[in-house]
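Enquirer: Be aware that the sequence shown starts at 114, since it is given in this note's numbering, and climbs by one per residue.
Just dropping this structure here.
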Amino acid sequence: MRARLRLFLASAAVIALGLSARAQDSAQPDEALFRAIYRELIEINTTESVGDTLIAAKAMSKRFTDAGFPESDVQVLSSGPRKGDMVARLRGTGAKKPMLLVAHMDVVEAKREDWDFDPFKLQEQDGFFRARGAIDDKAMAAIFVATLIRLKNEGARPERDIILALTTDEELADSPHDGTHWLLENHRELIDSEFSLNEGGGGTLRDGKPVSSNIQLSEKVYRSFRLEVKDPGGHSALPRRDNAITRLAEGLIRIADYEFPARLNAVTGAYLQIVTRLDTPEVKAAFAALAAGDNRPEVLAPLSKKPGYNAQIRTTCVATMLEAGHAENALAQTARATINCRLLPDENPDDVERALKKVVADDRIAVIPLGTVVDSPASPMSPEIIKAVEEISADLWPGVPVIPTQSGGYTDSRWLRKYGVPAYGVSGIFSEEGKSGVHGLNEQVGVRQLFDAKLFLYRLVKRLSGVDRPG
Ligand SMILES: [Zn+2]
114 MRARLRLFLA
124 SAAVIALGLS
134 ARAQDSAQPD
144 EALFRAIYRE
154 LIEINTTESV
164 GDTLIAAKAM
174 SKRFTDAGFP
184 ESDVQVLSSG
194 PRKGDMVARL
204 RGTGAKKPML
214 LVAHMDVVEA
224 KREDWDFDPF
234 KLQEQDGFFR
244 ARGAIDDKAM
254 AAIFVATLIR
264 LKNEGARPER
274 DIILALTTDE
284 ELADSPHDGT
294 HWLLENHREL
304 IDSEFSLNEG
314 GGGTLRDGKP
324 VSSNIQLSEK
334 VYRSFRLEVK
344 DPGGHSALPR
354 RDNAITRLAE
364 GLIRIADYEF
374 PARLNAVTGA
384 YLQIVTRLDT
394 PEVKAAFAAL
404 AAGDNRPEVL
414 APLSKKPGYN
424 AQIRTTCVAT
434 MLEAGHAENA
444 LAQTARATIN
454 CRLLPDENPD
464 DVERALKKVV
474 ADDRIAVIPL
484 GTVVDSPASP
494 MSPEIIKAVE
504 EISADLWPGV
514 PVIPTQSGGY
524 TDSRWLRKYG
534 VPAYGVSGIF
544 SEEGKSGVHG
554 LNEQVGVRQL
564 FDAKLFLYRL
574 VKRLSGVDRP
584 G
């Protein structure tokens, strides 16, 4: 009797395990292929200085043709020397417009002497994969390649084509070779889609435990200005209070003291609703006031004085660089500052320029916009996509909330959104805050976390392409 009960309990446990993420995880049939793709991508150096994304694009296209994708559905494109993009398409029934998966192949520079190991050799150690690109963005790139090949091997018939674009130059600001931008501009037909999945989301671990899973729906818009004062100068032994440096400094103080008006959009409203729940009563009250349309600075102060919240609720501008003068013993003839602004996605850049001029309130301080603005609207809160992310996330990480986010920085999603392809930043890759080494030293991702992300994205792609219908 006892033995039979134990046997019963044991088989019940096996059934329960069979449904859990961990068991499915170890059962991923394409683990060996995925590992080979991941290693190959990481060990092809794709830095700007000495690397080559065209080699990586060719290597990944070979993975697809070797897996039986017709050559006409796999393209390698190049916008310049050592610059490659790759587009592969898994055909669906055509009942729906395609979906696009995007990952960039280029990586941030990494110097061997600064790291604890060779950044361009994949290491697996102490439960981590370590290398430059271990997360950003070769994790998603390798997962997407393996996923498309797996779906083909499984004979999947999605309701829509699934397109994968592996791109170059995402990490370089304003590169004319940025693959996502370049493809949208020059080969739109290859990647035209109803929506896209990209980097920019992910999960947060605290002491190894998953606490939140993010879906990135919008990004603030990057815009810098130069402030410049010209002056005849003169001898510093005969100073005037009205000189270029003092004038500029006073203008900078007025900018520092200015707050752009606070407001919420659908994404930040949903985000703050969730994250302020765990905060102080003052912060909760300030959020409730803002949500009710009250944007008086004194009411919102508890939100505004925390940089993380402040960046969510308003456009911000801050001085980041300063240069003035030509000699220790002379009055400056030129004083310049760089102001870096991060605009709410629906803010008009011309309005920001006008606001800065008004705040500076000095005709002798020129306010000059720098670079180009990529104004990209927030992606719509698509119930179909959010529900799919929530359900798969709940299955893999029970009890961990899915939080819609607006990033302060940008990814290639800005181009997708600008060109009318709504982008959703989701990866399922969980990491400890500040410990992943992304863009820094000793980049790493947990082996377990990477395989969970792989399973998450495989299921999400199936669900959103109609291989797996909800319900
Ligand atoms: Zn990236």
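Yeah, the Cβ is synthetic: ideal placement off N, Cα and C, and Gly gets one too.
Buried or exposed: N356, going by 16 or more other Cβ atoms within 10 Å of its Cβ?
Expert: Against the sequence shown, residue 356 aligns to sequence position 243. When all chains shown are included, N356 counts as buried.
Enquirer: Out of L235, R243, L167 and E222, which has the shortest C-alpha to C-alpha gap to V558?
Expert: Working through the sequence shown from its first residue, we reach residue 558 at position 445. Of L235, R243, L167 and E222, the residue nearest in Cα terms is R243.
Enquirer: Per DSSP, what are the beta-bridge partners of N327 in this structure?
Expert: Along the sequence shown, one-based indexing puts residue 327 at 214. N327 is bridged to G315 and I516.
Enquirer: Do the region 420 to 439 and the region 450 to 464 make contact, defined as three or more Cβ pairs closer than 8 angstroms?
Expert: A contact exists between the region 420 to 439 and the region 450 to 464.
Enquirer: With burial defined as no fewer than 16 other Cβ atoms inside 10 Å of the residue's Cβ, what is the status of V163: buried or exposed?
Expert: The residue labelled residue 163 in the question sits at position 50 within the sequence shown. Classification for V163: exposed.
Enquirer: Here's a check: name, in chain order, each residue in its chain whose Cβ is nearer than 7 angstroms to the Cβ of K339, leaving out the five neighbours to either side.
Expert: Your numbering for residue 339 matches position 226 in the sequence shown. Before going further, note that residue 339 is Arg rather than Lys in the sequence given. Once the five neighbours on either side are set aside, the close Cβ partners of R339 are R449, T451, I481 and L483.
Enquirer: If I follow the unbroken alpha helix (DSSP H) through L303, where does it start and stop?
Expert: The sequence position of residue 303 within the sequence shown is 190, counting from 1. Here the alpha helix (DSSP H) through L303 covers R301 to I304.
Enquirer: According to DSSP, is F242 part of a helix, a strand, or is it coil?
Expert: By 1-based counting over the sequence shown, the position of residue 242 is 129. In the structure shown, F242 sits in a strand (DSSP, three-state: E or B).
Enquirer: So if I measure from each beta-carbon to every heavy atom of ligand 1 and keep distances below 7 angstroms, which residues remain?
Expert: With the cut-off at 7 angstroms, the residues found are H217, D249, D250, E283, E284, E312 and T524.
Enquirer: Taking the beta strand (DSSP E) that V189 falls in, what are its first and last residues?
Expert: On the sequence shown, position 76 is the one that residue 189 refers to. Run containing V189: V187 to G193, per the beta strand (DSSP E) assignment.
Enquirer: Can the beta-carbon of G315 be found less than 8 angstroms from the beta-carbon of S540?
Expert: If you number the sequence shown from 1, residue 315 lands on position 202. If you number the sequence shown from 1, residue 540 lands on position 427. Contact flag set, yes.
Enquirer: Which word fits Q238, buried or exposed, when buried means at least 16 other C-beta atoms lie within 10 angstroms of its C-beta?
Expert: On the sequence shown, residue 238 is found 125 positions in, with the first residue counted as 1. By the 10 Å Cβ count, Q238 comes out exposed.
Enquirer: Drop a sphere of 10 angstroms on the beta-carbon of G268, count the other beta-carbons inside from all chains shown, and report buried for 16 or more, exposed for fewer.
Expert: As a first step, residue 268 must be located in the sequence shown, where it is residue number 155. G268 is exposed by the Cβ-count criterion.
Enquirer: Taking 8 angstroms as the threshold, find out whether the region 467 to 478 comes into contact with the region 530 to 548 through three or more Cβ pairs.
Expert: Short answer: they don't touch.
Enquirer: Just confirm the distance between the C-beta atoms of A278 and V187, as a whole number of angstroms; I'd bet it's less than 8 angstroms.
Expert: In the sequence shown, counting from the first residue as 1, residue 278 sits at position 165. In the sequence shown, counting from the first residue as 1, residue 187 sits at position 74. With 8 angstroms as the limit, A278 and V187 do not qualify as a contact, their Cβ atoms being about 12 angstroms apart.
Enquirer: Take every Cβ of the region 512 to 519, pair it with every Cβ of the region 280 to 291, and state whether three or more of those distances are shorter than 8 angstroms.
Expert: Touching, no.
Enquirer: Taking C-alpha atoms, which residue in L573, S578 and V560 lies nearest to G240?
Expert: Reading the sequence shown from its first residue, position 127 is the one you call residue 240. Minimum Cα distance to G240 is reached at V560.
Enquirer: Return the CA-CA distance between V342 and E460, expressed in angstroms with no decimal places.
Expert: Taking the first residue of the sequence shown as 1, we reach residue 342 at position 229. Taking the first residue of the sequence shown as 1, we reach residue 460 at position 347. Distance between the alpha carbons of V342 and E460: 27 angstroms.
Enquirer: What residues in its chain sit with their C-beta under 6 angstroms from that of S174, if we drop five residues either side in the sequence?
Expert: Taking the first residue of the sequence shown as position 1, residue 174 is located at position 61. Around S174: V187, V189 and M199.
Enquirer: Can we say the region 564 to 575 touches the region 254 to 270, given the rule of at least three CB pairs closer than 8 angstroms?
Expert: Taking 8 angstroms as the limit for Cβ pairs, the verdict is that the region 254 to 270 does touch the region 564 to 575.
Enquirer: Whose CA, out of A252, E222 and K196, lies closest to the CA of I150?
Expert: Start at 1 with the first residue of the sequence shown, and residue 150 comes out as number 37. When only C-alpha atoms are compared, the closest one is A252.
Enquirer: Hey, Y537 and F308: beta-carbon distance below 8 angstroms or not?
Expert: In the sequence shown, the residue the question calls residue 537 occupies position 424. In the sequence shown, the residue the question calls residue 308 occupies position 195. Going by C-beta atoms, Y537 is nearer than 8 angstroms to F308.
Enquirer: From W510 to A399, what distance separates their C-alpha atoms?
Expert: As a position in the sequence shown, residue 510 is number 397, starting the count at 1. As a position in the sequence shown, residue 399 is number 286, starting the count at 1. Distance between the alpha carbons of W510 and A399 is about 31 angstroms.
Enquirer: Quick check on M253: does DSSP put it in helix, strand or coil?
Expert: Within the sequence shown, residue 253 is the residue found at index 140, counting from 1. Helix, per DSSP.
Enquirer: Looking only at C-alpha atoms, which of I498, D488, V502 and P410 sits nearest to Y371?
Expert: Counted from its first residue, the sequence shown places residue 371 at position 258. Comparing Cα-Cα distances from Y371 to each of I498, D488, V502 and P410, the minimum goes to P410.
Enquirer: On the DSSP bridge assignment, give the partners of F543 in chain order.
Expert: Position 430 of the sequence shown, counting from 1, holds the residue named residue 543. For F543, which the question treats as bridged, DSSP gives the partners G316.
Enquirer: With DSSP as the reference, label Q137 as helix, strand or coil.
Expert: Counting from one through the sequence shown, the residue named residue 137 turns up at place 24. Caution is warranted here: a pLDDT of 48 is assigned to Q137, below 50, making its placement in the model unreliable, and no coordinate value can be reported.
Enquirer: Under the three-state reduction of DSSP, which class applies to A402: helix, strand or coil?
Expert: Numbered from 1 along the sequence shown, position 289 holds the residue referred to as residue 402. In the structure shown, A402 sits in a helix (DSSP, three-state: H, G or I).
Enquirer: Does the count of Cβ pairs from the region 328 to 336 and the region 491 to 507 closer than 8 angstroms reach three?
Expert: Yes, the region 328 to 336 touches the region 491 to 507.
Enquirer: Once the 5 residues before and after N408 are set aside, which same chain residues still bring their CB inside 7 angstroms of it?
Expert: Looking up residue 408 in the sequence shown gives position 295. P374, A375 and R376, listed in sequence order.
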